[in-house]
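Asker:
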Amino acid sequence: MWILLVFLAVPILEIALFVQIGAQFGVIGTLAEVFATAAIALVLMRLEPHRNAHDVRAALDRDASPASPMAHSALRMIAAVLLLLPGFFTDTLGVLLLLPFVRMLVLAQLFKKLRAAHARDEVVIIEGEYEHRPDPESPPAPRLDDPEKRD
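Under our numbering, the final residue of the sequence shown carries the number 161; numbering is consecutive throughout.
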């Protein structure tokens, strides 16, 4: 349900910010900001796979887990997508996600929620017995040790 609220609230917030900030920047300034952040986003998207490969390779060379570099890379790619979208709010979120300490805070919160969700999961074991009963209507399976079936 909350995702629907986000999809409804973000465009309304972006329009309000375009009206407020766009009045201060003017049309040319607002369009320049939109195109500049989109250009930066495209550059980031093109460079991120190479940076990710380098970071993962460096982590593996140190015998460390590549999970952290991959998570940071995913957040940097999300930041680039947010920068690509036109709007001041999404640009602000994108710039914030490019900062390493903000990514660390986001990942810490994400792992905290994942650990809590994992701790809530309880394994349920249902004990029982079963018996295999062949279907009486199906033909019997051929036996491999049957001398009549040998070539």
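Even glycine gets a Cβ: it sits at the ideal position worked out from N, Cα and C. Nothing here was measured: the structure is a model prediction, and the numbers come from that model.
When the distance is taken between beta carbons, is E43 closer than 8 angstroms to T100?
Answerer: Taking 8 angstroms as the Cβ cut-off, T100 and E43 do not qualify as a contacting pair.
Asker: Who are the Cβ neighbours of L92 in its own chain at under 6 angstroms, not counting the five residues just before and after it?
Answerer: Result list for L92: T100, L103 and G104, in chain order.
Asker: Would you check if there are 3 or more beta carbon pairs closer than 8 angstroms linking the segment 60–70 to the segment 79–98?
Answerer: Contact between the segment 60–70 and the segment 79–98 is present, because at least three Cβ pairs lie under 8 angstroms.
Asker: One question on the structure: do L106 and V112 come within less than 8 angstroms of each other, judged by their Cβ atoms?
Answerer: Yes, the Cβ-Cβ distance between L106 and V112 is below 8 angstroms.
Asker: Rounded to a whole number of angstroms, what is the C-alpha to C-alpha distance between L109 and V66?
Answerer: Straight-line Cα distance between these residues: approximately 19 angstroms.
Asker: CB-CB under 7 angstroms to I50, same chain, minus the five flanking residues each way: which ones, in chain order?
Answerer: Excluding residues within five positions, the ones whose Cβ falls inside 7 angstroms are L93.
Asker: Taking 8 angstroms as the cut-off, decide whether the C-beta atoms of P76 and L85 are in contact.
Answerer: Cβ distance not < 8 angstroms, so P76 and L85 don't count as in contact.
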